[in-house]
């Protein structure tokens, strides 16, 4: 048996270079590169191995462990999970910073490889720098915090353990049903230890992603349900996008007159202009999609997890009359809402199912067109709304007084509405540009208002709704789609939470565009507390003397080396966007927007939240009463 005498870290890098994925006849390297922040736990092991021979791996220096992991998540998500970046961090705080990102990857079923350093396997120098200690166990380290947010987790305390650990990690990451973060913790002393590794461990390894077909029983059962329905509805989830099911879903929808609605993860699987695409579903959904959902007697979930936002906390559907048909590669997800399960690839399932329904047509008739036209008229109305001290719309009065809104207008120097800014961006950037967002009120506006003209150009991280994902994720988008313009749509709250990889994008000349909506606060949560009867409490950005903060984010961006713009009117924003397209460097457009100028809920939009059962505020009492009424119609499982 031929062997290679290598350190554990050198063997790791050599192995990563030999991993390939095979999808639909195409074979490509699975690991594109490795993000790093070196510390004492990994610089002398993995750092040395990369410096010695990184192979084809692209090595990128990150600025924050969470931020660079977010970039890796966005990269893999944009490429439909066909390629990944690995992440190496030092032990202690560096490893702990991965927890949020791992949770984000897990919630979204995105494969990334996390390689945090660990404490000493020998335990002889313990406690080493950055090591935590627990009285009840010497085996616990910071990396144990990654166990609940990893799809696969292992600790390597001997060099030979690396072989079985990595093979298992890649099996998990390349399984569409289980895809998620794989965490392989390597003791920092073991990283430098040598072992005679079997040469077969380093042979080219191809991971085949075969599309799982639906069984004959599953197809016959699904066809029977559809034929028996009068108004079926397809919910397009993220799994439909990963399955690349766009063409067959369009064919199915056209042939049988079945409307399509989208989750955040599923949006842009099919372009908005498709006649039967009614847009986003649920709490942040369109009026058209929600009305169709309420009429549906069969809900066909395609690659969706049925989150509370998509289902309006299980109140959007008529559960007394509706049945559910779930097509999902994950058996667990297929069982949701007590639906009929088709545990199979979405594209192959509908390719087999479509010819089985010859002669069937839904009873939606012209309703799909009417619902879409009604919503487009509402979207047009929203695009024309303006705000001023003299023209204060009634909707805002429910939350903010005229006096408070004027205070914001004076402090921020703007009368710009968030919806107007968003629709201006949609109309101005190139159709094949990619946008990214994750948290705040912007995802709701985007799901309702954003028109994706080209498939896979809408990138929302809403499985975890992780503040701080947006800017770092945009670097991942640019790495995945280097020839396209990529845009972060981010609020000031999320920007302040984390934008570390903005600097990395500038450092490596990976042009990204940050579109910063500044309303000086956590506007989404401020809406929430006031919608449910509370006051405006610690969600606005105010000084000790109650003055509204006005941060010059454009100046911050200029300090980093980006091209910055200030745009507080529609005309200024259009000009900034057009000029930003011409730049070779990263850009940031700062928009001061008034709070409370985002879209509100439409019919069917209700969110089940923990409203206080006891309160002396009348508004909270009413919110609690409304919750009890809504729960009477909610499905309980």
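In the UniProt record's numbering, the protein residues as written are 1 to 637.
Built from N, CA and C at the ideal position, the CB exists for glycine as well.
Any idea what DSSP makes of residue 217, helix, strand or coil? Taken through DSSP and simplified to helix, strand or coil, residue 217 comes out as helix.
Looking at the secondary structure, which residues open and close the beta strand (DSSP E) in which residue 437 lies? Residues 434 to 437.
Using 10 angstroms around the beta-carbon of residue 405, count the other beta-carbons present and answer buried if the total reaches 16, otherwise exposed. buried
For residue 583 and residue 563, what's the separation of their Cα atoms in angstroms? When rounded, the distance between both Cα atoms is 8 Å.
Going residue by residue through the region 82 to 162, where are the continuous alpha helix (DSSP H) segments of at least 4 residues, counting only ones entirely within it? Fully enclosed alpha helix (DSSP H) runs of 4 or longer: 93 to 96, 98 to 107.
Considering residue 542, what are the terminal residues of the alpha helix (DSSP H) in which it resides? Run containing residue 542: none; DSSP gives neither H nor E here.
Residue 625 - DSSP class collapsed to helix/strand/coil: helix
Quick one: Cα of residue 556 to Cα of residue 418, how far? 22 Å
Residue range of the unbroken beta strand (DSSP E) whose run includes residue 489: 486 to 491
Reference residue 106; option with closest CA among 298, 513, 422, 152: 152
Assuming contact is defined by CB atoms lying nearer than 8 Å, are residue 194 and residue 474 in contact in what I supplied? Taking C-beta atoms as the reference points, residue 194 and residue 474 fail to come closer than 8 Å.
Anticipated Cβ contact below 8 Å, residue 460 with residue 438, distance rounded: 7 Å
When you compare only the Cα positions, how much space is there between residue 249 and residue 376? 22 Å
Please report the residue range of the alpha helix (DSSP H) in which residue 526 lies. 523 to 531
For residue 566, report the span of its beta strand (DSSP E) as first-last. 563 to 566
By Cβ distance, which residues of its chain are closer than 6 Å to residue 184, with the 5 residues on each side in sequence left out? Here the set comprises 115, 154, 165, 169.
Mapping DSSP to helix, strand and coil, what is residue 537? coil
Note down, one range per segment and in chain order, each beta strand (DSSP E) of at least 3 residues found wholly within the UniProt domain "Thiamine pyrophosphate enzyme central" (220 to 353). 232 to 236, 260 to 262, 277 to 280, 298 to 302, 323 to 328, 340 to 343
Please determine if the region 193 to 208 and the region 8 to 22 are in contact, where contact requires at least 3 C-beta pairs separated by less than 8 Å. yes
So residue 591 and residue 411 are supposed to be a Cβ contact under 8 Å. How far apart are they, rounded? The pair is not a contact, with the Cβ atoms about 15 Å apart (cut-off 8 Å).
Assess contact between the region 244 to 259 and the region 310 to 317, defined as three or more Cβ pairs (one per stretch) separated by less than 8 Å. Is contact present? no
Classify residue 10 as helix, strand or coil using the three-state DSSP reduction. Reduced to three states, the DSSP call for residue 10 is helix.
Given this structure, state the Cα-to-Cα distance separating residue 394 from residue 597, to the nearest angstrom. No answer about residue 394 holds up, because its pLDDT of 49 lies below 50 and its placement is not dependable.
Could you tell me which residues DSSP puts in a beta bridge with residue 515? 489, 589
I need the boundaries of the beta strand (DSSP E) containing residue 360, first residue and last residue. Premise fails: residue 360 is in no beta strand (DSSP E) and is neither H nor E.
Which listed residue (303, 255, 337, 431) has its alpha carbon closest to that of residue 658: A query on residue 658 cannot be resolved here, the shown segment of the chain reaching from 1 to 637 and no further.
For residue 428, which option in 505, 515, 607, 92 has the closest C-alpha, if you only look at C-alpha atoms? 515
What does a CB cutoff of less than 6 Å around residue 176 pick up in its chain, not counting 5 residues either side in sequence? Residues 329 of the same chain have their beta carbon placed closer than 6 Å to that of residue 176, with the five preceding and five following residues left out of the count.
Give me the residue from 603, 622, 386 with the minimum Cα distance to residue 612. If we check each option's Cα against that of residue 612, 622 comes out closest.
Skipping 5 residues on each side, what residues in its chain have a beta carbon closer than 6 Å to that of residue 16? 31
Measure the C-alpha to C-alpha separation of residue 310 and residue 383 and round it to an integer number of angstroms. 24 Å
Counting beta carbon pairs with one atom in the region 365 to 380 and one in the region 326 to 345, are three or more of them shorter than 8 Å? The region 326 to 345, when compared against the region 365 to 380, does not touch it at the 8 Å Cβ threshold.
I'd like to check one pair, residue 477 with residue 434: are the Cβ atoms closer than 8 Å? yes
Pairs of beta-carbons, one from the region 203 to 222 and one from the region 282 to 295, closer than 8 Å: are there three or more? In short, these stretches do not touch, since the Cβ pair count stays below three.
List the endpoints of the continuous alpha helix (DSSP H) containing residue 72. 65 to 78
Range covered by the beta strand (DSSP E) that runs through residue 196: Element bounds for residue 196: 194 to 198.
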